[in-house]
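Student:
In the working numbering, the protein residues as written are 889 to 1533.
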């Protein structure tokens, strides 16, 4: 949705004409056709004759909201708006959505929404506390946005412009096209701008699919991608009767071959149709991997290579710990050789550990005091990068998954952390009206996930990883505390830091990164944080876990719960799963865990309250249900450079 000064004036003019004349179809100037086309593409206005336009039902609704705000002096009349002022745009829609989900306006959106008459100070009837929330106008506009069904009409000239543009996320200055073309792309929801000031643009999921279709086809004259073309193509794919003239057009545009089989452009055009019909609105899935965790992946790979010659070298916990101690000693010797004793000149994340390293007499203890190997292993398994299993002697060992091996390959040249924020800068563009914040883009650039104008090969890889892995639950005690501190209305990042940050900014940031990557929270573009449905369920499930638990839930406990559920009987009303003692052996087998590890995890599950004598409790059942919400279900199409449909 895009409403600037000229669009607002046109809507109000049409509204006045229709009310005063009690007729539809106002004559427009030929010079204004481009302006009205931008409104038509948004489904706010329709053509009733070559030079006549009328409001659609939703166009009239929007015009009424606009006039009401002006009449109540909540918004100046359009002629007083500054040049280029975007009363509504994709960035404003993103703010409205975030505020609606969080129940309050986030810090980045307060000024823009209040300026537009879409947010105001509100008093909570129950608590008496005041907060900034959406006005009725703000709520109604978002409802109108959701109900609108924009047009899709791409001419050969527009197609050529789309092919040349970087897909983003990128600085808006890279949109080197005329203003009318920018407006059309936004009106059709092919591009979106960032909160709060449109500094960043990106092609949306629909826009990326259109761009792909036009990369492989759509070369011709006149209209090359329209709703009529898409529906005709769908009929061909469904083997319905289609006129020969239409078949000829689809073939000439490169969507189907001479045998009426889909070509790569045709496959992407059908994806355009799926997204245009809004059959799916994907979430922004992410993943978060710390530098230390990448080093552990590399160590596991190295130990398996050594085990080829000596079976005693498999990556058991003991062997892996010894390997990591050696690697960390070597790493910090190199850091000290580079910086000398000038601790303050080191990157902040190394300073405290390097200082302790210089004074350490027992380096194994130094390692254990500063690094948590078990924590890192839990985190890696929760992201499907490793798998705990057993070797021939029944010992607990750690295997790399295919995803883990791919991460190692990506980080061959330089080991680096991959933050949820940086990955989200890419995956958020798979939604219909979202572009990442400047801060998210900067982080993605720093981590090598974005280049100039588009994601790098590495960026595409982590986006695919985020949308493909099977997540398992894991919470540290600190992460559980953060989750429990998020109120139902949501909270700003800074307010949450003041509550639980303890002044440790990096620790707090990475707790949020992991929580979001496991799809338990959503850090919104406006600076709000909300719990996801999975987050609410996990929060409830772990609320009764004793405080002395370092990890209220971890992947091994989950694997035990899952295996028990598979051999048990669900009692729906009780929200419990009964397990016969004789089925425990089968559960151990299904879990894939060594028997001793299964027993330890089962004891932990009992102590945490997830498992009773012969049942999975309601809390345990909640964990199982939450995992279903932690992972994508609908097909998520990832847009790779050079991908052949």
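Glycine included, each C-beta is placed from N, C-alpha and C at the ideal position.
Could you compute how far the alpha carbon of residue 1423 sits from the alpha carbon of residue 1373?
Tutor: Stepping through the chain shown from its first residue, residue 1423 is reached at position 535. Stepping through the chain shown from its first residue, residue 1373 is reached at position 485. Straight-line Cα distance between these residues: approximately 12 Å.
Student: Output yes or no for whether 8 Å exceeds the beta carbon distance between residue 1449 and residue 1504.
Tutor: On the chain shown, residue 1449 is found 561 positions in, with the first residue counted as 1. On the chain shown, residue 1504 is found 616 positions in, with the first residue counted as 1. Yes, the Cβ-Cβ distance between residue 1449 and residue 1504 is below 8 Å.
Student: If you count every other CB in all the chains shown that lies within 10 Å of the CB of residue 1578, and 16 or more means buried, which is it?
Tutor: The structure shown does not extend to residue 1578, since the chain spans only 889 to 1533, so no value can be given for it.
Student: Which whole-angstrom value describes the C-beta separation of residue 1310 and residue 1317, a residue pair presumed to lie in contact below a C-beta threshold of 8 Å?
Tutor: Here residue 1310 refers to the residue found at position 422 when the chain shown is read from its first residue. Here residue 1317 refers to the residue found at position 429 when the chain shown is read from its first residue. Not quite, the Cβ-Cβ distance comes to about 13 Å (not below 8 Å), so this is no contact.
Student: Starting from the Cα of residue 1137, find the closest Cα among 1116, 1127 and 920 and give me that residue.
Tutor: Position 249 of the chain shown holds residue 1137. Checking every option, the nearest Cα to that of residue 1137 belongs to 1116.
Student: In this structure, does DSSP put residue 1496 in helix, strand or coil?
Tutor: For the purposes of this step, residue 1496 is identified with residue 608 of the chain shown, where counting begins at 1. It is helical.
Student: Mapping the DSSP letters down to three states, classify residue 1519 as helix, strand or coil.
Tutor: Your numbering for residue 1519 matches position 631 in the chain shown. Here residue 1519 sits in coil by DSSP.
Student: Is it buried or exposed for residue 1186, if we count other Cβ within 10 angstroms and need 16 for buried?
Tutor: As a first step, residue 1186 is located in the chain shown; it is residue number 298 there, counting from the start. Buried.
Student: For residue 1045 and residue 1358, I'd like the C-alpha separation in whole angstroms.
Tutor: Taking the first residue of the chain shown as position 1, residue 1045 is located at position 157. Taking the first residue of the chain shown as position 1, residue 1358 is located at position 470. If I take the Cα positions, the gap works out to 43 Å.
Student: Specify the secondary structure class of residue 1146 as computed by DSSP and reduced to three states.
Tutor: Within the chain shown, residue 1146 is the residue found at index 258, counting from 1. Reduced to three states, the DSSP call for residue 1146 is coil.
Student: Please report the straight-line C-alpha distance between residue 1160 and residue 1114, rounded to a whole angstrom.
Tutor: In the chain shown, counting from the first residue as 1, residue 1160 sits at position 272. In the chain shown, counting from the first residue as 1, residue 1114 sits at position 226. One C-alpha to the other measures close to 10 Å.
Student: Any idea what DSSP makes of residue 1376, helix, strand or coil?
Tutor: On the chain shown, position 488 is the one that residue 1376 refers to. Of the three classes helix, strand and coil, the one that applies to residue 1376 here is coil, per DSSP.
Student: Cβ of residue 1521 less than 8 Å from any chain B Cβ?
Tutor: The structure shown has no chain B; it contains just one protein chain.
Student: Touching or not, the segment 1282-1294 and the segment 1371-1388, by the rule of three or more beta carbon pairs under 8 Å?
Tutor: No, they do not touch.
Student: In three-state terms, what does DSSP make of residue 1113?
Tutor: If you number the chain shown from 1, residue 1113 lands on position 225. Correct three-state label for residue 1113: strand.
Student: Skipping 5 residues on each side, what residues in its chain have a beta carbon closer than 8 Å to that of residue 1140?
Tutor: Within the chain shown, the letter at position 252 stands for residue 1140. The residues are 1108.
Student: Rounded to whole angstroms, how far is the Cβ of residue 976 from the Cβ of residue 1079, which I believe are closer than 8 Å?
Tutor: Position 88 of the chain shown, counted from the start, is the residue given in the question as residue 976. Position 191 of the chain shown, counted from the start, is the residue given in the question as residue 1079. That pair is no contact at about 15 Å.
Student: Assuming contact is defined by CB atoms lying nearer than 8 Å, are residue 963 and residue 983 in contact in what I supplied?
Tutor: Translated into positions along the chain shown, residue 963 becomes position 75. Translated into positions along the chain shown, residue 983 becomes position 95. Their beta carbons are not under 8 Å apart, which means residue 963 does not touch residue 983 by this criterion.
Student: Tell me whether residue 1282 is buried or exposed, calling it buried when 16 or more other Cβ atoms sit within 10 Å of its Cβ.
Tutor: Indexing the chain shown from 1 puts residue 1282 at position 394. Under this definition residue 1282 is an exposed residue.
Student: Rounded to the nearest angstrom, how far is the Cβ of residue 932 from that of residue 947, given a contact under 8 Å?
Tutor: Counting from one through the chain shown, the residue named residue 932 turns up at place 44. Counting from one through the chain shown, the residue named residue 947 turns up at place 59. Their Cβ separation, rounded to whole angstroms, is 4 Å, which keeps residue 932 and residue 947 in contact under 8 Å.
Student: Residue range of the alpha helix (DSSP H) that residue 1071 falls in?
Tutor: Sequence index remark: in the chain shown, residue 1071 carries index 183 (1-based). Residues 1067-1075.
Student: Taking 8 Å as the cut-off, decide whether the C-beta atoms of residue 1365 and residue 1438 are in contact.
Tutor: Walking along the chain shown from the start, residue 1365 turns up at place 477. Walking along the chain shown from the start, residue 1438 turns up at place 550. Result yes, Cβ atoms of residue 1365 and residue 1438 sit closer than 8 Å.
Student: Pairing CB atoms from the segment 1295-1305 with CB atoms from the segment 1184-1202, are three or more of them under 8 Å?
Tutor: yes
Student: At the level of alpha carbons, what is the spacing between residue 1063 and residue 1053?
Tutor: Walking along the chain shown from the start, residue 1063 turns up at place 175. Walking along the chain shown from the start, residue 1053 turns up at place 165. C-alpha separation (whole angstroms): 7 Å.
Student: Around the C-beta of residue 1074, are 16 or more other C-beta atoms found within 10 angstroms, so that it is buried, or is it exposed?
Tutor: Numbered from 1 along the chain shown, position 186 holds the residue referred to as residue 1074. It is buried - the Cβ of residue 1074 has at least 16 other Cβ atoms within 10 Å.
Student: CA-CA distance, residue 1454 and residue 1468?
Tutor: Working through the chain shown from its first residue, we reach residue 1454 at position 566. Working through the chain shown from its first residue, we reach residue 1468 at position 580. Cα to Cα, the separation comes out at about 12 Å.
Student: Short check: CB of residue 929 to CB of residue 1037, under 8 Å?
Tutor: Mapped onto the chain shown, residue 929 falls at position 41. Mapped onto the chain shown, residue 1037 falls at position 149. Their beta carbons are not under 8 Å apart, which means residue 929 does not touch residue 1037 by this criterion.
Student: Could you spell out the range, first to last residue, of the beta strand (DSSP E) harbouring residue 1275?
Tutor: Taking the first residue of the chain shown as position 1, residue 1275 is located at position 387. Start and end: 1274-1278.
Student: Nearest-angstrom Cα distance between residue 999 and residue 1214?
Tutor: Against the chain shown, residue 999 aligns to sequence position 111. Against the chain shown, residue 1214 aligns to sequence position 326. Each residue's Cα considered, the two are about 53 Å apart.
Student: Whole angstroms are fine: how far does the CA of residue 1382 sit from the CA of residue 1020?
Tutor: Locating residue 1020 in the chain shown gives position 132, where the first residue counts as 1. Locating residue 1382 in the chain shown gives position 494, where the first residue counts as 1. The straight-line gap from Cα to Cα measures roughly 16 Å.
Student: Given residue 1530, which residues of its chain have a CB within under 6 Å of its CB, disregarding the five upstream and five downstream residues?
Tutor: Within the chain shown, the letter at position 642 stands for residue 1530. Because the pLDDT at residue 1530 is just 38, under 50, the model does not fix this residue reliably, and the point stays unresolved.
Student: Between which residues of its own chain and residue 1414 is the CB-CB distance below 6 Å, once the five residues before and five after are set aside?
Tutor: Numbered from 1 along the chain shown, position 526 holds the residue referred to as residue 1414. Here residue 1414 has 983, 986, 994, 996, 997 and 1083 as same chain residues with Cβ atoms under 6 Å from its own Cβ, once five neighbours each way along the sequence are excluded.
Student: Check whether the Cβ atoms of residue 907 and residue 966 lie closer than 8 Å to each other.
Tutor: Here residue 907 refers to the residue found at position 19 of the chain shown. Here residue 966 refers to the residue found at position 78 of the chain shown. No, Cβ-Cβ distance for residue 907 and residue 966 is not below 8 Å.
Student: With a floor of 4 residues, list each alpha helix (DSSP H) that falls wholly inside the segment 1288-1343, ordered by position along the chain.
Tutor: Within the segment 1288-1343, complete alpha helix (DSSP H) segments of at least 4 residues are found at 1290-1298, 1308-1315 and 1326-1334, given in chain order.
Student: Could you please give the first and the last residue of the uninterrupted alpha helix (DSSP H) stretch that includes residue 1237?
Tutor: Your numbering for residue 1237 matches position 349 in the chain shown. Per DSSP, residue 1237 belongs to the alpha helix (DSSP H) from 1236-1247.
Student: Do you know how far the Cα of residue 1255 is from the Cα of residue 1061?
Tutor: As a working mapping, residue 1061 is identified with position 173 in the chain shown. As a working mapping, residue 1255 is identified with position 367 in the chain shown. Note on geometry: alpha-carbon atoms of residue 1061 and residue 1255 lie some 47 Å from one another.
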